[in-house]
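47 is the number that UniProt numbering gives to position 47 of the sequence shown; each next residue is one higher, with no gaps.
Each residue gets a CB set at the ideal place from its N, CA and C atoms; glycine is no exception.
Everything numeric in this text was worked out from a predicted model, so none of it was measured.
Step one of this worksheet: look at the structure below.
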Amino acid sequence: SGALYPHDTRLLHNTSQVDVENPDLEKFPEFAKAPFLSCILSPGEILFIPVKHWHYVRALDLSFSVSFWWS
């Protein structure tokens, strides 16, 4: 997750400093090397993201999402 430049604070440690849609590669050069997968879900489909997996979600249409934070 180093290439994703997590925040140094405890509150945001699982959040990237990088604007994924417009990354500043001069400030965050390793971000360009971060591996990723991309998918588009169709109506009625779901995507399960395992715990601690970094992810970015963007809705292309009206959508609904549910997050559950395990303790």
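Subject >> Distance between H53 and K27 (C-alpha atoms, nearest Å) >> reply: Residue 27 sits at position 27 when you count from the first residue of the sequence shown. Residue 53 sits at position 53 when you count from the first residue of the sequence shown. Taking the straight line joining both Cα atoms gives about 23 Å.
**OP:** Identify every residue that forms a DSSP beta bridge with S16.
**Re:** The sequence position of residue 16 within the sequence shown is 16, counting from 1. Answer is P6, bridged to S16.
**OP:** Return yes when the Cβ of A34 is within less than 7 Å of the Cβ of L4, no when it is not.
**Re:** Residue mapping note: residue 4 aligns to position 4 of the sequence shown, counting from 1. Residue mapping note: residue 34 aligns to position 34 of the sequence shown, counting from 1. Their beta carbons are under 7 Å apart, which means L4 touches A34 by this criterion.
Original post:
By the 10 Å Cβ neighbour count, where 16 or more other Cβ atoms means buried, how is F36 classified, buried or exposed?
Top reply: Taking the sequence shown and counting its residues from 1, the one referred to as residue 36 is at position 36. Burial call: exposed.
**OP:** Spatial neighbours of L25 within its chain, please: CB distance less than 6 Å, with the 5 preceding and 5 following residues excluded, ordered by chain position.
**Re:** Along the sequence shown, one-based indexing puts residue 25 at 25. Excluding sequence neighbours, L25 sits near A32.
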